[in-house]
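Residue numbers (our numbering): 195 to 664.
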Ligand SMILES: [Ca+2]
Ligand SMILES: [Ca+2]
C-alpha cells in the first residue's frame, strides 16, 4: 500500500511538473477577422513581439459578424514583413523569434463566407485543412486556437474530422484542442460547443446582440466604462496618445504598423496574453487568472441568448474585486484583465523598444524566483514564510516586491482577506487560517524592476491549509 501511495505521489509530481514546465513552448494558432476594424492589426503587432514565446503553427484570415464575406490575409502578411525588418534586433534581447519565411508559410486563408454558411460539404479552405493538419500532428502538446473573429474555419475542420474519423480518433483529436474565443462573432461557436462537448472552450458567450461585445471579459483589455460608469481601470495607458508615444511613433517599422484605435484598443489581445510565459497564469487552469483574465467552468444562463442557450459548461466570465484607479473597490469580470494593465502595457512598450534598441539601451524583465516550492502544505495556525530572495534582474535593476492574496482563486472562501505581513517586502508571511477541511489559497508574487519601462514577472504560491490545532 505504501509503495502504491509513493508511486501515485511520483506520478502526480510528474503530471504537475509537466503541466507547469515553463521551458515547454505552447502550440498556438490564430484565426483573425483582421481589417474588419483596426484592432486585429493592433493585436497582431503585439502578438509578433511575443512570437518567441510559442510555437506558432498557423495564422488564418477569417470572416466574422463584422466582416461577413471577405478575408484579409494580405494585412497579416504586411505585419510579418514589418516584423522581418526588426527580427534581428529582437533577437538581441531574447532568443527564439521565428523567421519570416516560416511565418509566411503558415499564413492561410479561410472560407470567405459568414458563420455556418462556411461549414459543410464543399466548404473546405486552406485554413480549415491547415487546422486539421496541426491537430493530427504527432505532438503530445495541446493545440491552442485563438479566435479573434468568427470560428467557422475551426468549425469546418471539426465538421470534416467528424465525417472522416472514427469516434475514438475524433475523441483523441478533441482532447488536444484548446479554444479561446473573443465572444461569439458568428454562429459557429455555439455550434462547436453543442456538437463537440469535449472541446476545452474559453469564451464570454453571446447573450444579446450587444451583450457579447459590451460585457465580455476581454473588454477589460482597454475599456474604461461599464454600463456607462467608470470601470476603475486606467484608460490613459491604452489611449491613442500613449500608444503614439510608446508604440507607433519613433519605434521602428513594427510599431508603426499599430493603427490608430477606432473603438477599443486590441480587443483580441487577451487570448494570447493568457498564454504568455510570465509566471502568473497556467494555461490549463483559466480559473487561476492571468494577464488574459480569469474564467470559471460553468454553464452560463440568461434569458436573452443571441444564438442558442448554452447547454454545457464552458470556461466563462468570472469576477474579481480589485482596487480601481480611483482607489475604490470595483467588482467585475473585466477587472480580471485590467488589474494587470500597467504591467502588460509596459511589457509591450519594452518589447517594441527591443525592435529598435541595443541590449544596453533597453529594459528586460526581472526573474521572479522563490526560495521555496510553488506548492506549500501547512496546518491552520502555522506562520507561512514567503521568500523571493533568489529573484534577480538581467539589467541589475533594483527590484520591488508585492505579495498578493488572490482571494477569488483557491477553495478557501472568506470575505476577510488573508493579512500578509510585509506584503511589499522580499520576505513576507501570513498566518494560515482556521479550516475544517483541506483548503487552498493562492498567493501571487509580483516582482517589478526600476528600468524604463518598469517590468513585472510573477510566481504563484499555492498553499494547502490542513485542519489542525495550534
Ligand atoms: Ca477581431
Ligand atoms: Ca530589467
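By construction, the Cβ of each residue, glycine as well, lies at the ideal position given by its N, Cα and C atoms.
Here the structure is a predicted model, which is why all the values come from computation and not from measurement.
- Residue state for residue 322 is assigned as helix, using DSSP reduced to three classes.
- Taking a cut-off of 8 Å for Cβ pairs, the segment 427-441 and the segment 385-396 do not touch, as fewer than three such pairs fall below it.
- Residue 506 carries a coil assignment under DSSP once its states are collapsed to helix, strand and coil.
- DSSP lists no bridge partner for residue 313.
- The segment 362-374 and the segment 335-350 touch, with no fewer than 3 CB-CB distances between them shorter than 8 Å.
- Within the chosen limit of 6 Å, ligand 1 reaches the beta carbon of residue 234 through at least one heavy atom.
- Every residue whose beta carbon comes nearer than 5 Å to a heavy atom of ligand 2 appears here in chain order: 557, 558, 587, 589, 591, 643 and 645.
- For residue 462, the distance from the CB to the nearest heavy atom of ligand 1 is below 6 Å.
- Closest in C-alpha terms to residue 482, from the list 257, 660, 236 and 605, comes 605.
- Taking 4 residues as the shortest admissible run, the segment 238-317 contains the following complete alpha helix (DSSP H) segments, listed from N- to C-terminal end: 267-284 and 294-299.
- Distance from the C-beta of residue 418 to the nearest heavy atom of ligand 1 is not below 6 Å.
- Bridge pairing for residue 517: 523 [DSSP].
- Residue 505 is classed as exposed because its beta carbon has fewer than 16 other beta carbons within 10 Å across all chains shown.
- Bounds of any alpha helix (DSSP H) do not take in residue 654; it lies within the beta strand (DSSP E) bounded by 650-660.
- Counting the other Cβ atoms within 10 Å of the Cβ of residue 354 gives 16 or more, which makes it buried.
- Taking all protein chains in view, the Cβ of residue 472 is crowded by 16 or more other Cβ atoms within 10 Å, so the residue is classified as buried.
- For the pair residue 413 and residue 662, the Cα-to-Cα distance works out to about 44 Å.
- By alpha-carbon distance to residue 268, the top candidate from 249, 304 and 284 is 304.
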